[in-house]
Structures are given as C-alpha cells and as structure tokens.
Amino acid sequence: MSVRIHELAKRIGMDNKELLALLKGRGFDVKTVSSTVDPISAEALEGELKALQQAVPAPEAAVPELSVPEVPTQVASAAAPVFATKVPQGVFVRSAAEVAQEKVDVEKAKQAARVVAPPPVRQAPPPPPMAVR
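Under our numbering, the residues of the sequence shown are numbered 6 to 138, in order.
Dropping the structure here:
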C-alpha cells in the first residue's frame with residue numbers, strides 16, 4: 006500500500022515541505038504532501054534519512070563550551086575576569102596576522118597569474134601583383 010508524503014515526513018521527523026522538495030528533486034512525480042510514494046521507495050527514504058539524522062550531531066553538540074579559568078584571589082581584585090574558550094578537537098584556528106598574510110599572498114598570486122599578452126604584431130599587407138605586359 007502506498008505511503009502518503011505527510012505520513013512519511015512524520016515518521017522521519019522532517020518537515021512536509023522539505024520532504025516534498027527532496028522527492029521532487031529526486032524525480033518523483035509528486036505535487037502535494039497528500040501525494041503517495043510506493044512502499045519500497047518510502048522504506049528506502051526512511052532508512053536513508055534516519056541514518057543521516059543519526060550521523061549528524063545535534064546543533065547543541067557543535068557549540069563550544071565556555072569555561073572561566075580559576076584566577077587567584079590576589080589577582081582577581083586587580084584585573085578583570087579572564088575568559089577562555091574550549092576549542093573542539095580538529096578545529097584549525099588562525100590569528101589575525103595569519104589571515105592578513107594569507108590575503109596578501111592570494112593577491113600576489115592573482116597578480117602573478119595575470120599574464121599580459123604582448124600587443125599583436127601587425128604585418129604589412131602583401132604588395133599588389135605586378136602587371137605583366
């Protein structure tokens with residue numbers, strides 16, 4: 006028995022319109038969320054999308070945690086509190102100087118890539134044929 010798109014979206018935990026757009030993008034002949042999909046395709050989509058949802062971490066997990074380092078009491082009264090950020094493992098962080106140097110390097114590479122072609126050499130037209138008498 007065929008499965009309606011809105012029922013499949015509810016089972017997957019996806020928005021009806023997003024699933025409809027996905028199905029249209031994959032070449033299914035669907036017009037509304039009340040359209041149906043054959044059960045084999047519905048099963049395949051459900052398995053694929055649930056696997057993707059499990060593989061992608063929740064957005065909350067991607068946000069780095071902020072921690073406040075312990076400051077000795079003697080220094081705490083004299084200085085403002087210091088905040089540190091825990092950077093997730095595998096993240097590449099560059100300083101402002103490195104970013105600026107990269108921009109300069111990119112600009113130099115662009116200028117070096119610009120090849121100025123020499124102006125075309127004009128050749129004189131061939132002389133007119135001489136008349137033989």
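All C-beta atoms, glycine included, are put in the ideal place defined by N, C-alpha and C.
Quick caveat, the model's predicted, so the values are computed rather than measured.
{"Asked": "Burial state of ILE10, where buried means 16 or more other Cβ atoms lie within 10 Å", "Found": "buried"}
{"Asked": "Exposed unless 16 or more other CB atoms sit within 10 angstroms - verdict on ALA83", "Found": "Caution applies to ALA83, whose pLDDT of 49 falls short of 50 and renders its modelled position unreliable; the value that the coordinates give is listed next. Exposed."}
{"Asked": "Opposing strand residues paired with THR41 [DSSP bridges]", "Found": "ARG9"}
{"Asked": "Which listed residue (ALA102, LYS113, ARG16 and ALA101) has its alpha carbon closest to that of GLU2", "Found": "In this structure the chain extends from 6 to 138, so residue 2 is not present and cannot be described."}
{"Asked": "Spatial distance of PHE33 from ALA101 (CA atoms)", "Found": "48 Å"}
{"Asked": "Reduced DSSP category for SER46 - H, G, I as helix; E, B as strand; rest coil", "Found": "helix"}
{"Asked": "Beta-carbon spacing of VAL42, ASN21 below 7 Å", "Found": "no"}
{"Asked": "Integer-rounded CB distance, given that VAL35 should sit under 8 Å from LEU25", "Found": "6 Å"}
{"Asked": "CA-to-CA distance, LYS115 to ALA81, given in whole angstroms", "Found": "Note that ALA81 scores 47 on pLDDT, short of 50, meaning its location in the model is unreliable; the coordinates nonetheless yield the value given after this. ALA81 and LYS115: Cα-Cα distance of roughly 50 Å."}
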